[in-house]
Amino acid sequence: MHPLTLRLIDSNPITRRHQFSNGQISYLHHSFASSLKTPKTQKFSNCSIKASASATSSPPLDVSSGKLKLDRISSLSQVSGVLGCQWGDEGKGKLVDILAGHFDIVARCQGGANAGHTIYNSEGKKFALHLVPSGILNEETLCVIGSGLVVHLPGLFEEIDNLESNGVSCKGRIVVSDRAHLLFDFHKTVDGLREVELGDNSIGTTKRGIGPCYANKMIRNGLRVGDLRYMDTFPQKLDLLLSDAASRFEGFIYDPKMLEEEVDKYKRFAERLEPFIADTVHVVNKYISDNKKILVEGGQATMLDIDFGTYPFVTSSSASAGGICTGLGIAPKAVGHLIGVVKAYTSRVGAGPFPTELLDDVGDLLRKAGHEFGTTTGRPRRCGWLDIVALKYCCLINGFSSLNLTKLDVLSDFHEIKLGISYKKIDGKIIESFPSDLTVLEQLEIGSLSQVSGVLGCQWGDEGKGKLVDILAGHFDIVARCHHHSFASFKIPKISKLLNQSLGIRNFFTPIRCFCDKLKLDQIGSLSQVSGVLGCQWGDEGKGKLVDILAGHFDIVARCQEVEDAVEYEVLPGWKTDISSIRKYADLPQAAQRYVERIEQLVGIPIHYIGVGPGRDALIFK
């Protein structure tokens, strides 16, 4: 068998191409070409480079894995996209960073600084980006901030300054659409005020002002980047915007001094931003007509899409495939391959439905092992098993050509791993697709309650227990009220998710922790007015014994109907070994391969990229 060789046929730094000895032409990034062993006496532009398993690179890369990488990347269409398949935080930035060197433009199409994309350079230095596209670490890539974004200029300049101070040049490499809307500091203020107004029904936003800014865009009184070029009319437009905010939010106080300060600040911003401003619709479409390659980086994810996500617990823009066209101004027919990025498990920040959420030690282990804390807010993320129902829904909407499964290494600590493959209503009916009705999703979570359930006060009374009891009552045979007792500290992990969403309470307690050996009368006397005994594992914990002991101190002892788990899980074996150093799919443990291939079978989309660590090199091409 003849060794695979390749030669440089186009030395242009932007359109650099190579040809394999088998005739295949590929866009080959210089970082990969340099990893192949080349005789020192030959110049790169004239030589035929022989690739072998002994090639010196970091990490080692043999012909088969190198060719597979090139096949995967070179097969991507002229306009390709990378989109999230869950509730964000899937690891889109890393894949974009890796692919960016093979594209001429990396473009953001929607969202704002609520997106947090973490990438690492070749030295392992971490960069957290919120507005600047993740292709910025590749020197030959033009980064486009499209018209669908809302741009907070202080935040953008902070990112640029941070990149420049770490040796990443941004001059001439970032363009900002003149049609993108400006996000002001007051948008952040009213975002927080809106969350306070909603109280227990708050969305759990990042409070970055994204929603209020998009609201101004939709009611057509927002300011755009292009308005910075007309500072003679800018003050009047900003005055109307601030006055409108003051009229709608009691807590927002607007005085003329604020306008004066904002105008002075934005005059300085306008001067600094001018070199970056461009008609990005023209720029992107010109690149397309010149046969250049465009990679679109989505923000947030499909399950947060304003139209297709778990409304109202969503973002304010189109985070699915449609946002590529509306946010960049390119024709649908121009868009080719779409890669969906999905974490090997599921996480979510903020409020909203999460059918496969784990509220036990397993969820805590996922959070710790996966370092699941928000890039934007630092909040701990809610964690659970991979939700196949939601994933299939995202694949249906976006038409992905392939998937990138990330953080597979995080699951290495588990003896067994579960996949949520279907939902069931309380009446046992199977739900075949992800429901749009929040009431149905609430029923899924109510359906996961224990056979004997209860609502307990967690403070000193008046917490609003009655509201939750009213919501739950229709799903139980008997609703009982016990003696009126004072506060007791008992943790209830299985009900905490539902209580948190309904009442905004986060700390719950269970009698099981307090009644391990002996029961004291003062402990029994401290139970809440409505109390219950819930299982905290997978059943058979000995609830009956505790109920028998407590029964004499209550007027009614009630048993609810038998309710099955609302999510049906398929259990697969874990692999219990570190996979973070593996770079070839065939070298993964059989159990890990089985997990990957089972996901492919269930969703019907091939997984071409598998993340096994945070670094650039920690990616397996399948």
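The opening position of the sequence shown corresponds to residue 635 in the working numbering, with each subsequent residue numbered one higher. Glycine residues also receive a C-beta, built at the ideal position from the N, C-alpha and C atoms. Being a predicted model, the structure only gives us computed values, none of them experimental.
Separation of residue j from residue i, as counted between CA atoms
| i | j | result |
| --- | --- | --- |
| Thr-839 | His-1187 | 44 Å |
| Gly-961 | Ala-1200 | 37 Å |
| Ala-955 | Trp-721 | 15 Å |
| Pro-1240 | Glu-1234 | 6 Å |
| Val-810 | Lys-1041 | 32 Å |
| Ile-1244 | Asp-1182 | 51 Å |
| Arg-863 | Gly-789 | 20 Å |
| His-815 | Val-830 | 25 Å |
| Thr-990 | Thr-980 | 8 Å |
| Phe-666 | Ile-853 | Reliability fails at Phe-666, whose pLDDT of 33 lies under 50, so the model's placement of it is uncertain and the value that follows must be treated cautiously. Taking the straight line from one Cα to the other gives about 49 Å. |
| Gln-744 | Lys-1059 | 35 Å |
| Val-983 | Asn-919 | 35 Å |
| Asp-924 | Glu-1066 | 45 Å |
| Gly-700 | Cys-959 | 33 Å |
| Ile-973 | Ala-953 | 13 Å |
| Trp-1209 | Asp-1251 | 22 Å |
| Tyr-848 | Phe-1034 | 27 Å |
| Glu-895 | Asp-889 | 11 Å |
| His-1119 | Leu-1075 | Residue placement at His-1119 is poorly supported in this model, since its pLDDT is 40, which falls under 50; the coordinates still yield a value, given next. About 33 Å. |
| Tyr-661 | Asp-731 | The predicted model places Tyr-661 with a pLDDT of 38, which falls under 50 and marks its position as unreliable; any figure quoted below should be read in that light. Each residue's Cα considered, the two are about 16 Å apart. |
| Ile-1216 | Cys-804 | 34 Å |
| Leu-1039 | Ala-1225 | 15 Å |
| Glu-773 | Arg-807 | 8 Å |
| Asn-850 | Asp-1047 | 47 Å |
| Asn-835 | Arg-828 | 11 Å |
| Gly-1012 | Asp-1061 | 39 Å |
| Lys-1063 | Arg-1228 | 29 Å |
| Ser-1070 | Gly-986 | 12 Å |
| Leu-1236 | Val-1230 | 10 Å |
N- and C-terminal bounds of the alpha helix (DSSP H) containing residue i
| i | result |
| --- | --- |
| Thr-949 | No alpha helix (DSSP H) contains Thr-949, which DSSP labels as neither H nor E. |
| Gly-826 | 819-832 |
| Thr-1040 | It is not in any alpha helix (DSSP H) - Thr-1040 instead sits in the beta strand (DSSP E) that spans 1036-1040. |
| Arg-902 | 890-907 |
| Lys-760 | Note, Lys-760: premise wrong, no alpha helix (DSSP H); beta strand (DSSP E) at 760-763. |
For residue i, the nearest candidate out of the options (CA to CA)
| i | options | result |
| --- | --- | --- |
| Glu-1204 | Lys-1052, Arg-1217 and Asp-1182 | Lys-1052 |
| Lys-1218 | Gly-727, Phe-1255 and Ile-1190 | Phe-1255 |
| Ile-911 | Val-859, Arg-882 and Ser-1070 | Val-859 |
| Val-975 | Leu-704, Gln-712, Lys-726 and Ser-709 | Lys-726 |
| Trp-1019 | Gly-1012, Leu-999 and Gly-1033 | Leu-999 |
| Thr-1211 | Leu-1161, His-1049 and Val-1237 | His-1049 |
| Leu-929 | Lys-805, Pro-767, Glu-1066 and Gly-856 | Pro-767 |
| Gly-1238 | Val-917, Leu-1025 and Leu-710 | Leu-1025 |
| Gly-614 | Leu-817, Tyr-888, Gly-715 and Asp-941 | Coverage of the chain is limited to positions 635 through 1256, which leaves residue 614 absent and any answer about it impossible. |
| Gly-885 | Val-824, Thr-867, Gly-845 and Leu-704 | Val-824 |
| Leu-783 | His-764, Ile-707 and Tyr-945 | His-764 |
| Ala-965 | Thr-1011, Phe-820, Val-996 and His-916 | His-916 |
| Ile-1190 | Asp-939, Gly-1247, Ser-1165 and Ile-837 | Ser-1165 |
| Gly-826 | Ala-879, Leu-797 and Arg-813 | Ala-879 |
| Leu-1206 | Ser-1214, Gly-1247, Ala-1185 and Leu-1045 | Leu-1045 |
Neighbourhood of residue i by C-beta distance below 6 Å, restricted to the same chain and skipping five residues each side
| i | result |
| --- | --- |
| Gly-755 | Reading the sequence as shown, one finds Asn at residue 755 and not Gly. Within the same chain, Asn-755 has close Cβ partners Leu-771. |
| Thr-775 | Ala-734, Val-740 and Gly-769 |
| Ile-1055 | Ile-1022, Glu-1202 and Glu-1204 |
| Val-897 | Pro-869 |
| Lys-926 | Asp-738 |
| Leu-857 | Leu-816 and Lys-871 |
| Cys-1028 | Cys-719 and Thr-936 |
| Ala-1220 | none |
| His-1242 | Arg-706, Ser-1036 and Lys-1256 |
| Val-778 | Ile-739, Ala-741, Val-809 and Thr-914 |
| Leu-592 | What the structure shows of the chain is the stretch from 635 to 1256, and residue 592 is not part of that stretch, so it cannot be assessed. |
Integer-rounded CB distance, given that residue j should sit under 8 Å from residue i
| i | j | result |
| --- | --- | --- |
| Gly-746 | Arg-902 | Not confirmed; about 21 Å, so no contact. |
| Gly-963 | Ser-781 | 6 Å |
| Met-892 | Leu-876 | 7 Å |
| Asn-748 | Thr-949 | 7 Å |
Enclosing beta strand (DSSP E) for residue i [first to last residue]
| i | result |
| --- | --- |
| Pro-1207 | 1201-1207 |
| Thr-752 | 751-754 |
| Arg-1016 | 1016-1018 |
| Lys-1052 | 1050-1058 |
| Leu-710 | Per DSSP, Leu-710 belongs to no beta strand (DSSP E) and is neither H nor E. |
| Thr-980 | 980-982 |
| Ser-1214 | First-last for Ser-1214: undefined, no H or E at that position. |
Cut-off 7 Å between Cβ atoms - residues of its own chain near residue i, not counting five sequence neighbours on either side
| i | result |
| --- | --- |
| Arg-1001 | Pro-1014, Arg-1015 and Cys-1017 |
| Tyr-921 | Asp-738, Ile-739 and Ile-928 |
| Ala-968 | Val-713 and Ile-922 |
| Glu-724 | Gly-718, Ala-935, Val-975, Val-976, Lys-977 and Thr-1040 |
| Gly-1249 | Tyr-754 and Gly-758 |
Proximal residues to residue i (C-beta, below 8 Å), its chain only, five neighbours per side dropped
| i | result |
| --- | --- |
| Arg-906 | Phe-791 |
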